[in-house]
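Undergrad:
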Amino acid sequence: MKDMDDQIPRTLPIQSATFTNPINAEIRRAAATGIYDIRGGGAKRRVPHFDDLLFLGASVSRYPLEGYRERCDTSVTLGTRFAKKPIQLDIPVTIAGMSFGALSGPAKEALGRGASAAGTSTTTGDGGMTPEERGHSSKLVYQYLPSRYGMNPNDLRKADAIEIVVGQGAKPGGGGMLLGQKISDRVAEMRTLPKGIDQRSACRHPDWTGPDDLEIKILELREITDWQVPIYIKVGATRPYYDTALAVKAGADVVVMDGMQGGTAATQDVFIEHVGIPTLSCIRPAVQALQDLGVHREVQLVISGGIRTGADVAKAMALGADAVAIGTAALVALGDNDPKWESEYQKLGTTTGAYDDWHEGLDPAGITTQDPDLAARLDPIEAGRRLRNYLKVMTLEAQTIARACGHNHLHNLEPEDLCALTMEAAAMARVPLAGTSWYPGKEGF
Amino acid sequence: MQTYDLEENGLRGLNAALQAQNAETNRTRWEVVNPKGSHAIAVGLDAPIEVTVKGSTGYYCGGMNQQATVRVEGSAGPGVAENMMSGQVIINGDASQYAGATGHGGLLVIKGNASSRCGISMKGIDIVVHGNIGHMSAFMAQAGNLVVCGDAGDALGDSLYEARLFVRGSVKSLGADCIKKEMRPEHLEILKDLLERAGSDAKPEEFKRYGSARQLYNFDVDKSAAY
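Which chain is which? The protein sequence lines are A and B, in order.
Residue numbers for the first sequence follow this note's numbering, so the first one is 1 and each next one is one higher.
Residue numbers for the second sequence follow this note's numbering, so the first one is 1001 and each next one is one higher.
(1) Output, in sequence order along the chain, the residues in the stretch 1143 to 1154 of chain B whose CB is closer than 8 Å to any CB in chain A.
(2) Hey, arginine 113 of chain A and histidine 136 of chain A: beta-carbon distance below 8 Å or not?
(3) Smallest Cα separation from glycine 1103 of chain B: which of B/Gly1093, B/Phe1166, B/Glu1082?
(4) Does any CB atom of chain A fall closer than 8 Å to the CB of leucine 1011 of chain B?
(5) Does the stretch 217 to 231 of chain A touch the stretch 142 to 159 of chain A, meaning 3 or more C-beta pairs lie closer than 8 Å?
(6) Quick check on the DSSP output: the beta strand (DSSP E) that includes serine 201 of chain A runs from which residue to which?
(7) For leucine 1195 of chain B and glutamate 298 of chain A, I'd like the C-alpha separation in whole angstroms.
(8) Could you give the residue range of the beta strand (DSSP E) that holds asparagine 1026 of chain B?
(9) So with Cβ pairs under 8 Å, would you call glutamine 251 of chain A a contact of chain B?
(10) Say whether the stretch 104 to 112 of chain A touches the stretch 353 to 369 of chain A, bearing in mind that this needs 3 or more beta-carbon pairs closer than 8 Å, one atom from each stretch.
(11) Buried or exposed, going by whether 16 or more other CB atoms sit within 10 Å of the CB of leucine 12 of chain A?
(12) Which residues of chain B have a Cβ atom closer than 8 Å to the Cβ of alanine 202 of chain A, listed in chain order?
(13) In the structure shown, what three-state DSSP assignment does isoleucine 272 of chain A receive?
(14) Around the C-beta of threonine 77 of chain A, are 16 or more other C-beta atoms found within 10 angstroms, so that it is buried, or is it exposed?
(15) With 8 Å set as the bound, which would you pick, yes or no: does the beta-carbon of methionine 1136 of chain B sit closer than that to a beta-carbon of chain A?
(16) Checking contacts by CB at 8 Å: is glutamate 26 of chain A closer than that to chain B?
(17) When the Cα atoms are used, what is the spatial distance from serine 75 of chain A to alanine 330 of chain A?
(18) Within its chain, find whatever has a CB closer than 7 Å to the CB of leucine 1191 of chain B; leave out the 5 residues flanking it on each side and keep chain order.
(19) Can you give me the start and stop residues for the beta strand (DSSP E) that methionine 1136 of chain B sits inside?
(20) Could you give the DSSP three-state label for asparagine 1065 of chain B: helix, strand or coil?
(21) Under 8 Å, do glutamate 220 of chain A and valine 1043 of chain B count as touching if we go by C-beta distance?
(22) Does chain B have any CB closer than 8 Å to the CB of proline 194 of chain A?
(23) Quick one: give me the first and last residue of the alpha helix (DSSP H) that arginine 29 of chain A is part of.
(24) In the DSSP assignment, the alpha helix (DSSP H) including methionine 450 of chain A goes from what residue to what residue?
(25) Using the beta-carbon of each residue, which ones in chain B are nearer than 9 Å to leucine 410 of chain A?
(26) Quick one, which of B/Gln1142, B/Ser1200, B/Ser1173, B/Gly1087 has its alpha-carbon nearest leucine 1156 of chain B's?
(27) Thinking C-alpha only, which one of A/Gly435, A/Arg430, A/Lys392, A/Trp438 is nearest phenylalanine 50 of chain A?
(28) Within 8 Å (strictly less), CB to CB, does arginine 10 of chain A reach chain B?
(29) Rounding to the nearest angstrom, what Cα-Cα distance links threonine 395 of chain A and valine 93 of chain A in this structure?
(30) State the start and end residues of the unbroken beta strand (DSSP E) segment that holds threonine 1052 of chain B.
(31) Which two residues bound the contiguous beta strand (DSSP E) that contains arginine 1209 of chain B?
(32) Under a three-way DSSP split, which group does glutamine 300 of chain A fall into?
(33) Mind reading off the beta-carbon distance from alanine 202 of chain A to methionine 1136 of chain B? Whole number of angstroms is fine, and I expect it under 8 Å.
(34) So who's on the other strand from glycine 41 of chain A, going by DSSP bridges?
(35) Pull up the distance between the alpha-carbon of isoleucine 197 of chain A and that of aspartate 185 of chain A, whole angstroms please.
(36) Looking at glycine 1124 of chain B and tyrosine 1098 of chain B, is the spacing between their C-beta atoms short of 8 Å?
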């Protein structure tokens, strides 16, 4: 009998598509600890993204520009609406806000060096402006956050632009938490808090609520800075049409829209993965709001969240953005998640490419840490050079695509240059499914 | 005395003129007439000058002040003296929400009552309120002193850090992690000085002190019910 049983075909083990191994592991971890998972970075789940779009390139109806010969401009001016001194950038790729505290001093310096060498801006973060950052950034955007850590009028006046942060794509509606292990003496002093405590960053501003108040807050900031510098409003992508319209109404010079792939220093995984909408889906509604109000290109739109390549830059701009901002990609360019640290990632229970416990302050690459020994691993000059190179490559890639589409400026890219590979991307980007002239929601079909 | 008619000459001209003053200026006394509830009056000042506003103000009067003394002969709208660094802002009447929000230094005196969220996220400012304060005052307050000669509303000092709170009257309720604390001699000294500088005849001994229990400084899942 036993021999016969062995010959009966057996049902293969079937893994549940609902209770996957990662899900089950998280259930077990939650059951063991009683606390949710906290991590850095942005959404890791697969969502419709720029990879789901393609450029059509020139054809009989359009002629291309000669690569390496015919000029394709990349400059952008941000803040032309009200500011006396708009920001002039050589390239439309900026560095997103990341704090000293979340990042080491050398990492912030490297961001400033790289951005300056590439002719673009970098941005402070929660915790205020450091002299090193200001000194190494030719164009520095000063974030005005709910926590107001380190906020003071002297630094405000040193800024080339002010970014009022309403939210960010990784956690729209959420504040932040810098855990105690990253609150060094200097970070604690800058934030007026005791060393070693878990520092909470508020989720909403302490002295205004709603767009009517925001308009008055912007008035105050302009009065303090003599109307010199642009004022951006950064929002996490959730209701992009209305948030953009309200930002314009409140008096923004620039709207920064951050999709769910945009990173954070530390937040609950459930927040990162389940709140907010993909970057791809927020661009067209935001542009539509600007167009409906007659201010597209007068109020500039900066898109962030998962921008990795020149193709992503070109696609965002073709959909109507004036510029993009990068955070996670910039950290990778500096050396984050580099395979050379694999043995140390494994000691931390992770692997190259997956390391996201930035809040723990143990970053082998010395970027997301306040540990002086780890931070010393990052050479800010060399890391800045890598960032500059990366920014230049992204720009060259975007130019290559723009020329192929027949444009002599990245800003001349347009939705008609694009098609979509999937129904979802077609609906979100409002460009036709490849080989068709239709996208979901388009009237007349 | 420099007199500036705000209605006639506009806000930009006022703030530009006040911000242009420095430590050597002889134009040390300014009077602003016809404020009519305008917003952002006398913001971003950075000189030892005295500015008297002859009437009530809108949002953010005296915002981010450094060195200057700003007096409001009326009531102040939301966010008066927000993020003040140094100097003084004195309100003869009442103050709306968020008075002294995120202030790093200086002294804010409110001779009437203050509304909700007075001293929210304060980072070193001293605030003396002659009357009562509203709910959620000193929320997430980090440093400095909040003195209330009257009563405090609900959830005083919720999620407090290291700011000191002194209340003479009743406290409707304390917020998460805010507790009554012993009034030691050094606290009485601080209080005496602040009351004198704020022109209050209240006695330090009449006050109770509140501060952080420091139980929420580091996240502990077993204390999550406190939020």
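Ideal placement from N, C-alpha and C gives every residue a C-beta, glycine not left out.
TA: Once the coordinates are examined:
(1) Flagged, chain order: Ala1143.
(2) Yes, these two residues count as a Cβ contact at 8 Å.
(3) The shortest Cα separation from glycine 1103 of chain B among B/Gly1093, B/Phe1166, B/Glu1082 belongs to B/Glu1082.
(4) Flagged as an interface residue toward chain A: leucine 1011 of chain B, by a C-beta distance shorter than 8 Å.
(5) Touching, per the Cβ criterion.
(6) It spans 199 to 201 - the beta strand (DSSP E) in which serine 201 of chain A sits, taken as one unbroken run.
(7) Between the alpha carbons of leucine 1195 of chain B and glutamate 298 of chain A lies a distance of about 52 Å.
(8) Here asparagine 1026 of chain B belongs to no beta strand (DSSP E), and DSSP marks it neither H nor E.
(9) Note on identity: in this sequence residue 251 of chain A is glycine, with glutamine being the wrong assignment. Closer than 8 Å: no.
(10) Note that the stretch 104 to 112 of chain A touches the stretch 353 to 369 of chain A; at least 3 beta-carbon pairs, one per stretch, sit closer than 8 Å.
(11) With fewer than 16 Cβ atoms within 10 Å of its Cβ, leucine 12 of chain A is classed as exposed.
(12) By Cβ distance, chain B contributes Ser1121, Met1140.
(13) Under the three-state reduction of DSSP output, isoleucine 272 of chain A falls in the helix class.
(14) Threonine 77 of chain A should be labelled exposed.
(15) Not closer than 8 Å to any Cβ of chain A, the Cβ of methionine 1136 of chain B fails to qualify, so no.
(16) False, the Cβ-Cβ gap to chain B never drops below 8 Å.
(17) Separation of serine 75 of chain A and alanine 330 of chain A (C-alpha to C-alpha, rounded to the nearest whole angstrom) is 20 Å.
(18) The answer, listed in chain order, is Val1147, Phe1166, Pro1204, Phe1207.
(19) Segment: none, methionine 1136 of chain B is in no beta strand (DSSP E) and carries neither H nor E.
(20) The answer is coil: DSSP assigns asparagine 1065 of chain B none of H, G, I, E or B.
(21) Contact check for glutamate 220 of chain A against valine 1043 of chain B passes: the beta carbons are separated by less than 8 Å.
(22) Yes, proline 194 of chain A counts as interfacial toward chain B.
(23) Judged by DSSP secondary structure, arginine 29 of chain A falls within the alpha helix (DSSP H) whose first and last residues are 21 to 33.
(24) This structure gives no information on residue 450 of chain A, because the portion of chain A shown stretches from 1 to 445.
(25) Neighbours of leucine 410 of chain A on chain B: none; closest Cβ ~36 Å, over 9 Å.
(26) Cα-wise, what sits closest to leucine 1156 of chain B is B/Ser1173.
(27) When only C-alpha atoms are compared, the closest one is A/Arg430.
(28) Contact with chain B is absent for arginine 10 of chain A, since none of that chain's Cβ atoms lies less than 8 Å from the residue's Cβ.
(29) About 8 Å.
(30) Here the beta strand (DSSP E) through threonine 1052 of chain B covers 1050 to 1053.
(31) In the DSSP assignment, arginine 1209 of chain B falls within the beta strand (DSSP E) that extends over 1208 to 1212.
(32) The answer is strand: DSSP assigns glutamine 300 of chain A an E or B state.
(33) Not confirmed; about 12 Å, so no contact.
(34) According to DSSP, which records beta bridges pairwise, glycine 41 of chain A is partnered with A/Thr264.
(35) Cα to Cα, the separation comes out at about 11 Å.
(36) No, the pair does not count as a contact, with Cβ atoms beyond the cut-off.
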